Amino acid sequence: KNLSPDKINVSTFKGEGELTSLELDEIVLTDLLELPLWLRLTSAWCNKVSFRVQWTRLKTVPIFISLDEVNVEVETCEELRSMSVHQGLSNYGTSTKYNYINKVIDGMTISVNAVIITFKSPAFRADVQIMRILVESKSPKWQKCDLTMTRCKDTAKGQVLIFKELEWQNLRLEACSTKDENLPPLRLLTNKAKCRITIKKRISDCFVMGCKLLLILDDLLWVLTDSQLKAVLHFVDSLSGLVQKATEVTRTKKAARKLEMLPEYQAQVAQEARATEFNRREQIFAACDVVETSYHFWAKKIDLHLSDDAGDGRSCHPLLSKGCALRMLVHQLKVDCYPYHLAAGDRSHWARLVFRSNNMHSWFSFESPCNYYSHFLLFLTKLLC
Numbered sequence: 008k009n010l011s012p013d014k015i016n017v018s019t020f021k022g023e024g025e026l027t028s029l030e031l032d033e034i035v036l037t038d039l040l041e042l043p044l045w046l047r048l049t050s051a052w053c054n055k056v057s058f059r060v061q062w063t064r065l066k067t068v069p070i071f072i073s074l075d076e077v078n079v080e081v082e083t084c085e086e087l088r089s090m091s092v093h094q095g096l097s098n099y100g101t102s103t104k105y106n107y108i109n110k111v112i113d114g115m116t117i118s119v120n121a122v123i124i125t126f127k128s129p130a131f132r133a134d135v136q137i138m139r140i141l142v143e144s145k146s147p148k149w150q151k152c153d154l155t156m157t158r159c160k161d162t163a164k165g166q167v168l169i170f171k172e173l174e175w176q177n178l179r180l181e182a183c184s185t186k187d188e189n190l191p192p193l194r195l196l197t198n199k200a201k202c203r204i205t206i207k208k209r210i211s212d213c214f215v216m217g218c219k220l221l222l223i224l225d226d227l228l229w230v231l232t233d234s235q236l237k238a239v240l241h242f243v244d245s246l247s248g249l250v251q252k253a254t255e256v257t258r259t260k261k262a263a264r265k266l267e268m269l270p271e272y273q274a275q276v277a278q279e280a281r282a283t284e285f286n287r288r289e290q291i292f293a294a295c296d297v298v299e300t301s302y303h304f305w306a307k308k309i310d311l312h313l314s315d316d317a318g319d320g321r322s323c324h325p326l327l328s329k330g331c332a333l334r335m336l337v338h339q340l341k342v343d344c345y346p347y348h349l350a351a352g353d354r355s356h357w358a359r360l361v362f363r364s365n366n367m368h369s370w371f372s373f374e375s376p377c378n379y380y381s382h383f384l385l386f387l388t389k390l391l392c
């Protein structure tokens, strides 16, 4: 918003351009990013944006957009925001089919030197700094490749899969309490991390049917004292009420939208059962298909150190009189979340599924508690053995 001609420098024939001092529209960004209802974006601006377009190689070489520094300010709402009419990117479908222009836009590569986010709430203030961000298209096996290989289309289903990878070099977070000055600041630093996103679109109108998001952390080291741990609990407690209310509202709205798609999905499953031959592209699509929206987390190594503070709070035990510490080391932590899955639905497409039951209804029957607990103990036995 408030864009003036003196901030634009474009060379059409070279396919290059530059924009400076960009102020972004907070309302549009809040809607597009589908921010939680308890968050409000108050300001966003970028000091410099440059782009490069190779007009003769648009099919194979992506448009490159470079941003220098992006500053964003968000704050918590006293009352939940009303849900937008569009409700995020997924409802920004068009009346036209997925065409050449959509392919070019979906294939763009974006580089950001630094993103600085300021978070304000009545209980605390947090500053997040993310350095050297890169968003680019990848192959279904998450390798660099020709732009034409970063999409997988199934013409029989009328759907297309898009593979994007977001990577950053380091992330720094610092949070300070605004109510209790005795609470120390909370600091967290992570090294290189990446986020792999698979987006499923409908070809007929570009509607986003679902996505799969995988966050991968290499190493996470976090050192906390007693007082810092209390600060963490204080920050979480200050947001828990708003987050719970927002979750109830959004879950109802989004789950209703997912349920509307179930008959179509069941018809697709029946169609897959009847089909006997697949070409190679269809086989890749079937292997990477996003059956339902899901979120995944993979931490290769988490190193957590807890230590006590000197003073009255320290233990009186002779062995602990000079202080003590607890170290927790976790390797290969993986978490999978399917927020809109029906309780009795098929789970064969779930990642790393350990236990499969032919009759999932028995897990949710409260008529026979003993039967429920026996199933649960059997599950734990199989999991541990």
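Numbering (this note's numbering) for the sequence shown: 8 to 392. For each residue, glycine too, the CB sits at the ideal point set by N, CA and C. Note that the coordinates shown come from a computational prediction; the quantities given were computed from them, not determined experimentally.
Within a Cβ cutoff of 7 Å, which residues of the same chain sit near residue i, ignoring the five residues on either side of it in sequence?
i: Y105; result: V167, K208, I210 and C213
i: C252; result: Looking at the sequence itself, residue 252 is Lys, so the reference to Cys does not match. These residues qualify, in order along the chain: L87.
i: Q61; result: G22 and V68
i: V17; result: G24
i: R59; result: G22, E23 and F71
i: D13; result: none
i: C183; result: F131, R132 and P192
i: L230; result: Going by the sequence as given, residue 230 is Val instead of Leu. Within the same chain, V230 has close Cβ partners H312.
i: N109; result: C213
i: L42; result: L48
i: H348; result: E299
i: C295; result: P147, C159, L168 and T205
i: E284; result: Confidence is the limiting factor: at E284 the pLDDT is only 47, short of 50, which leaves the residue's position unreliable and the question unanswerable from this model.
May I ask which residues mark the beginning and end of the beta strand (DSSP E) holding residue i?
i: Q339; result: A332 to C344
i: I210; result: Here I210 belongs to no beta strand (DSSP E), and DSSP marks it neither H nor E.
i: A182; result: Q166 to S184
i: R194; result: L193 to T197
Taking the alpha helix (DSSP H) that residue i falls in, what are its first and last residues?
i: D5; result: The question about residue 5 has no answer here: the residues shown for the chain are numbered 8 through 392.
i: C152; result: Careful: C152 lies outside any alpha helix (DSSP H) and carries neither H nor E.
i: A293; result: R287 to C295
Excluding sequence positions up to five away, which residues of its chain have a Cβ less than 8 Å from the Cβ of residue i?
i: E82; result: L46, R47, T49, F126, K127 and S128
i: S234; result: N189, L190, P191 and D316
i: L31; result: K8, A51, W52 and C53
i: G330; result: S314, D315, A317 and R321
i: T249; result: In the sequence as displayed, the identity of residue 249 is Leu instead of Thr. So the qualifying residues of the chain are W45, T83, C84 and L87.
i: F20; result: none
i: L236; result: L313
Going by DSSP, name the residue or residues bridged to residue i.
i: T125; result: E80 and D134
i: I15; result: L26
i: A306; result: L224 and L340
i: L313; result: L231 and L333
i: D187; result: None; D187 has no bridge partner.
i: R203; result: E172 and L221
i: S118; result: S73 and L141
i: V215; result: K208
i: D161; result: Q166
i: S301; result: K219
For residue i, which residues of its own chain have a beta-carbon under 6 Å away from its beta-carbon, when the five flanking residues on both sides are left out?
i: L336; result: D310
i: S245; result: A130
i: E174; result: L141 and K201
i: L7; result: The first residue shown for the chain is 8 and the last is 392, placing residue 7 beyond what the model contains.
i: V342; result: F304
i: D113; result: I169
i: E289; result: D161
i: S73; result: S57 and S118
i: L10; result: none
i: I223; result: K201 and W305
i: T27; result: K14 and K55
i: M138; result: A121, Q176 and N177
i: T397; result: Residue 397 lies beyond the residue range present for the chain, which begins at 8 and ends at 392; the question has no answer from this structure.
i: L154; result: T67, P69 and G114
The ligand PLP heavy atoms versus the CB of residue i: any closer than 7 Å?
i: V342; result: The model on display carries no ligand, and the ligand PLP is accordingly not part of it.
Review point. Can we say the stretch 159-174 touches the stretch 119-137, given the rule of at least three CB pairs closer than 8 Å?
Key: no
Practice item. Starting from the N-terminal side, write out each stretch of the beta strand (DSSP E) that is 3 residues or longer and does not extend beyond the stretch 24-77. Key: 46-59
Point to revise | Three or more C-beta pairs below 8 Å linking the stretch 294-306 and the stretch 338-355 | key: yes
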